[in-house]
Each structure stands twice: as structure tokens, then as C-alpha cells.
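Enquirer:
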Amino acid sequence: MNTPEIRLELHRIIDQINDSRLLEAVYTLLSSQDGQVKSISKEMMDSMLEASEADIKAGRLTDHQSLKEEIQSWRKK
11 MNTPEIRLEL
21 HRIIDQINDS
31 RLLEAVYTLL
41 SSQDGQVKSI
51 SKEMMDSMLE
61 ASEADIKAGR
71 LTDHQSLKEE
81 IQSWRKK
């Protein structure tokens with residue numbers, strides 16, 4: 011995938027996110043793109059942890075091997 015394609019795909023993925031906590035987490039990750047780690051408020055961290063715990067309880071997990079296979083499939087595209 012080239013840079014414009016990646017941008018388009020990221021826009022598509024972000025547009026489909028309905029969970030505000032997940033959007034906040036994505037925002038935090040992307041807003042630190044300048045290479046500097048920005049501080050995260052306690053509320054933001056708590057929100058991210060709650061979202062992670064909810065994912066764990068709901069079984070939305072990926073094991074190491076599955077993740078490696080998924081990454082390999084990206085490289086083949």
C-alpha cells in the first residue's frame with residue numbers, strides 16, 4: 011500500500027469507529043506522531059484501561075500467532 015492508500019484506509023477505519031473511548035485512544039496515538047510522547051490525563055488513561063478491560067471481557071483478543079499471520083498478510087498486499 012502506498013501512502014495515499016494508507017491514508018484513505020485509515021479514514022475509512024476511523025469513520026467506522028463508534029466507541030468514543032477507542033476514538034480517544036486513536037487520537038492520542040496519532041497526535042503523538044511528532045515523535046514526542048505527550049502526557050495523557052488520568053481520565054484518558056482510565057478510559058483507555060476501561061476500554062481494554064471491556065475488550066478482554068468480551069473476548070476481543072488476538073493471540074500472538076494470529077497477529078503475526080495478520081501482519082504477514084499485510085505485507086503480501
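In terms of this note's numbering, the sequence shown opens at residue 11 and continues consecutively. Using N, Cα and C, we set each Cβ at its ideal position, and we do this for glycine too. Note that the structure is predicted; figures quoted are calculated from it, not measured.
1) In the structure shown, what three-state DSSP assignment does T13 receive?
2) Can you name the start and end residues of the alpha helix (DSSP H) that S83 belongs to?
3) Helix, strand or coil for L32, going by three-state DSSP, please let me know.
4) In the DSSP assignment, find the unbroken alpha helix (DSSP H) run with L71 in it and report its ends.
5) Since M54 contacts E34 with CB under 8 Å, what's their CB separation in whole angstroms?
Expert: Inspection of the coordinates gives the following:
1) DSSP places T13 in helix when its eight states are reduced to three.
2) H74 to K86
3) Residue state, collapsed to three classes: helix.
4) Under the DSSP assignment, L71 falls outside any alpha helix (DSSP H); it carries neither an H nor an E label.
5) 6 Å
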